[in-house]
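First the structure, in the form of structure tokens, and then the observations on it.
Residue numbers (my numbering): 1 to 277.
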């Protein structure tokens, strides 16, 4: 049985992504942090990890991108999930009772407009959405609420006081599946890179130019500050391709000439869009 590490506890969105991608025949391994997921794979005590990397409302989850660059694990797959957040409370609670709302920082960000409706509410970052729900249930206090999924409400016996509270009605989170090795299959059609450019004029242009010259479709490019080098940036690039393709191999060799750091984060099959509550 495959051992799959995910953030949080049953009921978290990462847990649901794990179940959707791998099915029921899996050993889900609950972890407290993104770093713990990478360490578990590094030690050989896990086979795969499931990680959220970006959200359509609030952008990239920078900590995960940094860890992908730091560790040797490779992206082996991806999944896009439409995520609906709900305000969860113990039975009998009313909106006017609520003083504190707990959830993962990303969920709080994604529900900023709803949370701004009342000055009586204090949004408090917590470990993850499901742990927030479980903790609120245990407190038995009508002044406390959590932001979480319908599944978390069901698992931990909470009421859904207000449903669908995220700012964006098309709120998708992109999850990647990581593994220690990247086994390249013929139907893999997406490649992710991390690179730092040579500190010379036109280096970014020269990198981007290679995709056009090789007729490769760049899907996204994101910049991230380099902590130890003020006002210098690394780049994350996704593009269509397979590492078995000679055209792709040649393009990557030409790109690497313009980089002081170059890393292939993975080659995998582009993800599908799923809907969870």
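Glycine residues also receive a C-beta, built at the ideal position from the N, C-alpha and C atoms.
Please return the same chain residues whose Cβ sits closer than 6 Å to the Cβ of residue 122, not counting the five positions on each side in sequence.
By one-based count along the chain shown, residue 122 stands at place 122. Closer than 6 Å at Cβ, skipping near neighbours: 100.
Which of the three DSSP states is assigned to residue 277 in this structure?
Translated into positions along the chain shown, residue 277 becomes position 277. Unreliable placement is indicated for residue 277, whose pLDDT of 49 sits below 50; the coordinate value is still reported in the next sentence. Coil, per DSSP.
Can you tell me where the alpha helix (DSSP H) holding residue 35 begins and where it ends?
Position 35 of the chain shown, counted from the start, is the residue given in the question as residue 35. Looking at the DSSP string, the run of the alpha helix (DSSP H) that includes residue 35 is 34 to 43.
Cα-Cα, which of 170, 69, 124 is closest to residue 85?
Within the chain shown, the letter at position 85 stands for residue 85. The residue with the shortest Cα to Cα distance from residue 85 is 170.
In chain order, what are the residue ranges of uninterrupted beta strand (DSSP E) at least 3 long that sit wholly in the segment 182 to 206?
190 to 197
Using only CA atoms, which one of 89, 149, 193, 109 lies nearest to residue 72?
Translated into the one-based positions of the chain shown, residue 72 becomes position 72. Out of 89, 149, 193, 109, 193 has the C-alpha closest to the C-alpha of residue 72.
For a minimum of 3 consecutive residues, which ranges assigned as the beta strand (DSSP E) are wholly contained in the segment 192 to 271?
218 to 225, 233 to 240, 259 to 268
Please list the segments of the beta strand (DSSP E) lying wholly inside the segment 120 to 166, counting only runs of 3 or more residues, in order along the chain.
122 to 125, 144 to 148, 159 to 162
Roughly how many whole angstroms lie between the Cα atoms of residue 21 and residue 272?
As a first step, residue 21 is located in the chain shown; it is residue number 21 there, counting from the start. As a first step, residue 272 is located in the chain shown; it is residue number 272 there, counting from the start. Rounded to whole angstroms, residue 21 to residue 272 spans 10 Å at the Cα level.
Would you call residue 231 buried or exposed, if buried means 16 or more other Cβ atoms sit within 10 Å of its Cβ?
Locating residue 231 in the chain shown gives position 231, counting from the first residue. Note on residue 231: under 16 other CB atoms within 10 angstroms of its CB, so exposed under the neighbour-count rule.
Among 255, 78, 98, whose alpha-carbon lies nearest the alpha-carbon of residue 161?
Within the chain shown, numbered from 1, the residue matching residue 161 stands at position 161. Cα-wise, what sits closest to residue 161 is 98.
Beta strand (DSSP E) runs contained entirely in the segment 46 to 73, provided each spans 3 or more residues
48 to 55
Take residue 221 as the anchor and find which of 51, 60, 10 has the nearest alpha-carbon.
Position 221 of the chain shown, counting from 1, holds the residue named residue 221. Minimum Cα distance to residue 221 is reached at 60.
Hey, quick one: how far does the alpha helix (DSSP H) through residue 20 stretch, first residue to last?
What you label residue 20 is simply residue 20 of the chain shown in a count that begins at 1. 13 to 22 is the span of the alpha helix (DSSP H), which, as asked, contains residue 20.
Is residue 81 closer than 9 Å to residue 275 when the C-beta atoms are compared?
Here residue 275 refers to the residue found at position 275 of the chain shown. Here residue 81 refers to the residue found at position 81 of the chain shown. The answer is yes: Cβ separation under 9 Å.
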